[in-house]
Amino acid sequence: MNDEPVTSTPPEPIPPAPSVETVAQQAVERAEAAATRRRWITLAEVVGIAGLLIAAASLWMSWSDHRADQQEKQVEKASEAKVRTLVLLTAKPEKDGKQLALKDSAHEVQSIDVRFPASLGLAAQSSVLEPRIEASWFADPILALTHDGPDKRQGRMPVLITSSYWDADQQRSDSAIYDVVWFTEGSFMGVSGRSVRLKGILLRERTASPARLEAIWAAEKPKPAG
Numbered sequence: 000m001n002d003e004p005v006t007s008t009p010p011e012p013i014p015p016a017p018s019v020e021t022v023a024q025q026a027v028e029r030a031e032a033a034a035t036r037r038r039w040i041t042l043a044e045v046v047g048i049a050g051l052l053i054a055a056a057s058l059w060m061s062w063s064d065h066r067a068d069q070q071e072k073q074v075e076k077a078s079e080a081k082v083r084t085l086v087l088l089t090a091k092p093e094k095d096g097k098q099l100a101l102k103d104s105a106h107e108v109q110s111i112d113v114r115f116p117a118s119l120g121l122a123a124q125s126s127v128l129e130p131r132i133e134a135s136w137f138a139d140p141i142l143a144l145t146h147d148g149p150d151k152r153q154g155r156m157p158v159l160i161t162s163s164y165w166d167a168d169q170q171r172s173d174s175a176i177y178d179v180v181w182f183t184e185g186s187f188m189g190v191s192g193r194s195v196r197l198k199g200i201l202l203r204e205r206t207a208s209p210a211r212l213e214a215i216w217a218a219e220k221p222k223p224a225g
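In structure tokens:
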């Protein structure tokens, strides 16, 4: 039996242990890398939340604008409907200015009630089928107020007119203050004294207030001559 020499493999060299400085530096680098990743994650979250907020704000603004548009359209429709129900009377002198024939181009007015300033002590007047205002309704107080002046005078008489008409199957009414434009003149050769004639009417205010009617008359009534 041959004895062969046994060869042994030398052990691998053991790497030197890292220094304390190296370990610390690696730890610092790992911590910085982790912090950087966390910052990127946080930034992404912020951007995402901001995007959601912007989208929500845009959605709300769009809804708010739509709602405002709808409300504006509803107001416009209501205003248009209200305008369609309003009466605007116009007048045409008849019988040499002794009366005014009234009409409204948008409605078939069937009757009117005419109210005068309370201080004149005049009874309210009504006119049906063919609405009209007659000078005789208020001529006496006008002549009395202008008695000491010249024969020819002109002024306005505020009256509160309530007009009634039918809108399809619904009866409606509209009230407003109108100015009746009048003038006085002397008769030929002074035989029958002075008289009151009517020229037309003007819409003054859309109100049904008797107090306002009285206030207007206080400012409009004829002043003594001289």
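Note that numbering that gives the first Met the number 0 has the sequence shown beginning at 0, numbered continuously upward.
Backbone N, C-alpha and C fix where the C-beta goes; we use that ideal spot for every residue, glycine too.
Can you pull the DSSP bridge partners for W165? Taking the first residue of the sequence shown as position 1, residue 165 is located at position 166. According to DSSP, W165 bridges with Q170.
Below-8 angstroms beta-carbon distance, L144 vs any chain D residue: The question asks about chain D, but that chain is absent: this structure has only one protein chain.
Rounded to whole angstroms, what is the Cα-Cα separation between E116 and R193? What you label residue 116 is simply residue 117 of the sequence shown in a count that begins at 1. What you label residue 193 is simply residue 194 of the sequence shown in a count that begins at 1. Sequence check: residue 116 is Pro here, not Glu. Looking at the two C-alpha atoms, the distance is approximately 23 angstroms.
What is the residue span of the alpha helix (DSSP H) that E219 lies within? To locate residue 219, count along the sequence shown from 1; it is residue 220. P209 to E219 is the extent of the alpha helix (DSSP H) around E219.
Between which two residues does the alpha helix (DSSP H) containing L144 stretch? Along the sequence shown, read from residue 1 onward, the residue named residue 144 stands at position 145. Start and end: A138 to L144.
Find out if the Cβ-Cβ distance for the pair L99, I215 is shorter than 8 angstroms. The sequence position of residue 99 within the sequence shown is 100, counting from 1. The sequence position of residue 215 within the sequence shown is 216, counting from 1. No, the Cβ-Cβ distance between L99 and I215 is not below 8 angstroms.
Tell me, please, which residues DSSP counts as bridged to R131. What you label residue 131 is simply residue 132 of the sequence shown in a count that begins at 1. Its beta-bridge partners are A100.
Reduced DSSP category for G154 - H, G, I as helix; E, B as strand; rest coil: For the purposes of this step, residue 154 is identified with residue 155 of the sequence shown, where counting begins at 1. G154 falls in the strand class under three-state DSSP.
Is there contact between the segment 203-223 and the segment 108-125, where contact requires at least three CB pairs shorter than 8 angstroms? yes
For R205, the three-state DSSP class (helix, strand or coil): Locating residue 205 in the sequence shown gives position 206, where the first residue counts as 1. DSSP places R205 in coil when its eight states are reduced to three.
Roughly how many whole angstroms lie between the Cα atoms of S208 and W59? Here residue 208 is taken as the residue at index 209 of the sequence shown, counted from 1. Here residue 59 is taken as the residue at index 60 of the sequence shown, counted from 1. C-alpha separation (whole angstroms): 45 angstroms.
For the ligand FMN, is there a heavy atom less than 7 angstroms away from the beta-carbon of K198? This structure lacks the ligand FMN, and indeed carries no ligand of any kind.
Is it buried or exposed, P149, if we count other Cβ atoms within 10 angstroms and call 16 or more buried? The residue you call residue 149 lines up with position 150 of the sequence shown. P149 is exposed by the Cβ-count criterion.
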